[in-house]
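Start counting the sequence shown at 9; every next residue gets the next number (my numbering).
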Amino acid sequence: MKMTELEELRTKIQEVTIEMLSLLKTRTEIAQEIGKIKNKEGMSVSDESREDELRELVKKQCQEINFNSNTALKFLNFLLNESVKVQSSESKTHLSIFLKAKELEREGKKIIHLEVGEPNFQPPINVKKSLSEVYDKGLGKYGPAKGLPEFRIKLAEFTNKYFETKINSENVMVTPGARFGVFLSITTLLDPGDEMIVIEPAWPAYRHCAINAGIKVRSVKTTLENKWEPDIDEISSCINDNTKMIVLNYPNNPTGKILPKTLQDKIVEIARKHDLYILSDEIYSNYSNEEWKSVLSYDYEKSIITQSFSKSHSMTGYRIGYLISSEKIIERLTKLQALCLTNVSEPIQYTAMNSLEEDVTDNVKTMDERLTKLEEICKEMELEFIKPDGAMYIFARTKNPINTSELSEKLLEHGVAIAPGIGFGDYNEFFRISACLDIKTLIQGMDILKTRL
Ligand code: PMP
9 MKMTELEELR
19 TKIQEVTIEM
29 LSLLKTRTEI
39 AQEIGKIKNK
49 EGMSVSDESR
59 EDELRELVKK
69 QCQEINFNSN
79 TALKFLNFLL
89 NESVKVQSSE
99 SKTHLSIFLK
109 AKELEREGKK
119 IIHLEVGEPN
129 FQPPINVKKS
139 LSEVYDKGLG
149 KYGPAKGLPE
159 FRIKLAEFTN
169 KYFETKINSE
179 NVMVTPGARF
189 GVFLSITTLL
199 DPGDEMIVIE
209 PAWPAYRHCA
219 INAGIKVRSV
229 KTTLENKWEP
239 DIDEISSCIN
249 DNTKMIVLNY
259 PNNPTGKILP
269 KTLQDKIVEI
279 ARKHDLYILS
289 DEIYSNYSNE
299 EWKSVLSYDY
309 EKSIITQSFS
319 KSHSMTGYRI
329 GYLISSEKII
339 ERLTKLQALC
349 LTNVSEPIQY
359 TAMNSLEEDV
369 TDNVKTMDER
379 LTKLEEICKE
389 MELEFIKPDG
399 AMYIFARTKN
409 PINTSELSEK
419 LLEHGVAIAP
429 GIGFGDYNEF
439 FRISACLDIK
449 TLIQGMDILK
459 TRL
């Protein structure tokens with residue numbers, strides 16, 4: 009008798025599941041149609057206010073039918089992410105422009121790369137010596153997933169020396185670049201349906217990692233008019249039970265902004281109050297021209313800090329960075345790193361370890377000089393931007409708004425690559441230029457840009 013009841017229920021649940029699938033198909037097709045219109049009209053894929061309306065509707069419906077709104081909102085997040093995925097295929101980022109530029113270079117065209125954040129400095133000279141030593145040192149075997157123990161000790165000492173912290177090597181994990189650290193943190197600490205706050209404009213990988221892991225991005229937009237400073241009330245108002253993380257990136261890519269200390273204090277306070285993880289991407293910290301405070305200094309156990317040798321030591325292609333967090337979080341992240349790649353290449357770890365304390369202040373000085381020159385040119389061109397407090401970019405727009413995705417495509421034909429604003433959020437009128445080339449080449453690039461505006 010019981011079995012018949014079970015069978016009946018199983019048939020019912022099966023029918024409901026199949027019906028939901030048909031509805032999902034219809035929903036996806038509608039999302040595709042909406043995507044085509046948005047694309048034609050130059051609208052951004054995500055529309056926060058429309059999503060908020062849906063959220064309110066779902067909450068109301070849950071009350072009416074007496075259903076758990078947390079579960080319903082997680083399900084809504086899944087649906088919203090599916091819409092974003094089907095609508096995002098066309099959108100341009102600095103990476104897509106970079107890849108297109110590389111393709112043109114292979115065909116023999118000369119391109120000035122103003123789109124990519126890759127300093128043209130040589131890595132510290134001792135990198136050469138270290139690389140030649142790894143063979144004799146037998147550093148070609150599998151190693152611990154957290155990284156070489158002596159490297160982690162040095163990284164902890166280095167951090168304590170420069171950031172006035174009291175961490176030890178158990179708080180440190182070596183990663184193949186900060187990008188992988190970002191991926192590990194988002195993928196491990198958050199679950200599908202959870203929400204993560206990103207202050208935009210932002211480096212696109214935060215959003216992409218979230219979408220990949222089924223996590224909903226709640227973007228808090230900032231504006232040039234408000235000096236790229238987020239509104240605290242706006243951050244608070246998008247927090248609900250599903251919110252698990254806030255991402256910070258100062259000095260910022262693409263704006264170069266460093267938050268005023270009191271504002272950053274308030275954000276950390278909100279994160280503590282709501283028990284959120286803070287993922288603080290601090291890879292531009294040594295390119296700070298204004299007062300900057302690491303999130304490490306708040307001693308908040310749910311913070312994860314990413315660092316890298318890519319920009320500070322101009323070692324982008326070596327793929328080496330590290331994470332700093334609580335022992336507990338590091339343990340969890342290590343599991344995914346072990347699963348994905350066993351360990352970071354030890355020859356590269358050894359090389360980075362030996363260059364950690366190398367003097368890179370000349371790079372910082374040169375970058376600042378280039379940014380100053382770019383600012384001067386941008387002012388002459390009557391572009392609108394705020395003076396970057398750090399990092400290596402200027403995020404600007406023209407007085408009369410233009411579609412910079414079209415502009416960046418057109419500019420490629422004339423031998424210049426720039427990063428369109430759409431890649432950093434809903435900033436189609438802006439574009440990012442990098443100060444990663446020598447001043448003469450930067451001027452050449454900007455001269456070409458001038459003729460196309
Ligand atoms: N974070 C930010 C803000 C970046 O701009 C970049 C690279 N452009 C990265 C992380 C990636 O750094 P890495 O080369 O260490 O992976």
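All C-beta atoms in this analysis are idealised placements derived from N, C-alpha and C, irrespective of residue type, glycine included.
- For the stretch 253-326, the full-length beta strand (DSSP E) segments reaching 3 residues or more read 285-289 and 311-316 along the chain.
- Contact annotation: the stretch 381-398 does not touch the stretch 154-172, with fewer than three C-beta pairs closer than 8 Å.
- Ranked by how close their Cα comes to the Cα of Tyr285, the residues Val276, Tyr292 and Ile291 have Val276 in first place.
- With 6 Å as the limit, the residues whose C-beta approaches any heavy atom of the ligand PMP more closely are Gly125, Gly185, Ala186, Arg187, Trp211, Asn257, Asn261, Asp289, Ile291, Ser316, Ser318, Thr324 and Gly329, in sequence along the chain.
- Taking the Cβ atoms as the reference, Leu122 lies roughly 5 Å from Gly453, within the contact range of under 8 Å.
- DSSP places Gly189 inside the alpha helix (DSSP H), whose first and last residues are Ala186 to Leu197.
- In this structure, DSSP gives Ile205 an extended state, which the three-state scheme calls strand.
- Taken in chain order, the complete beta strand (DSSP E) segments of 3 or more residues contained in the stretch 21-76 number zero; there are none.
- The three-state secondary structure of Met389, taken from DSSP, is coil.
- Counting C-beta pairs with one atom in each stretch, the stretch 263-274 and the stretch 234-245 have three or more that are closer than 8 Å, which means they touch.
- Straight across, the Cα-Cα distance linking Asn408 with Asp55 is about 24 Å.
- Here Leu349 really is in contact with Pro184; their C-beta atoms are around 7 Å apart, less than 8 Å.
- When secondary structure is reduced to three states using DSSP, Ser442 falls in the strand class.
- With contacts defined as CB atoms closer than 9 Å, Arg378 and Ile356 fail to qualify as a contacting pair.
- Rounded to the nearest whole angstrom, the C-alpha separation of Asp202 and Ile247 is 11 Å.
- One thing to note: Ala221 has its Cβ no nearer than 9 Å to the Cβ of Val206.
- Here the alpha carbons of Gly155 and Arg280 stand approximately 30 Å from one another.
- Your pair Asn128 and Leu445 checks out as a contact, with CB atoms roughly 6 Å apart and the cut at 8 Å.
- The continuous stretches of alpha helix (DSSP H) do not include Tyr143, and DSSP gives it neither H nor E.
- Leu457 and Ile426 do touch by the CB rule: their CB atoms are close to 7 Å apart, below 8 Å.
- By a beta-carbon distance limit of 8 Å, Leu391 contacts Thr406. Their separation comes to about 6 Å.
- Under the three-state reduction of DSSP, Gly398 is assigned to strand.
- Minimum Cα-Cα distance from Thr196 among the listed residues Asn436, Lys68, Lys252 and Ser77 corresponds to Lys252.
- Annotated three-state conformation of Tyr330 is strand, per DSSP.
- With a threshold of 16 other beta carbon atoms within 10 Å, Gly398 meets it and is buried.
- In this structure, Ile441 lies away from Lys381, with their beta-carbon atoms at least 9 Å apart.
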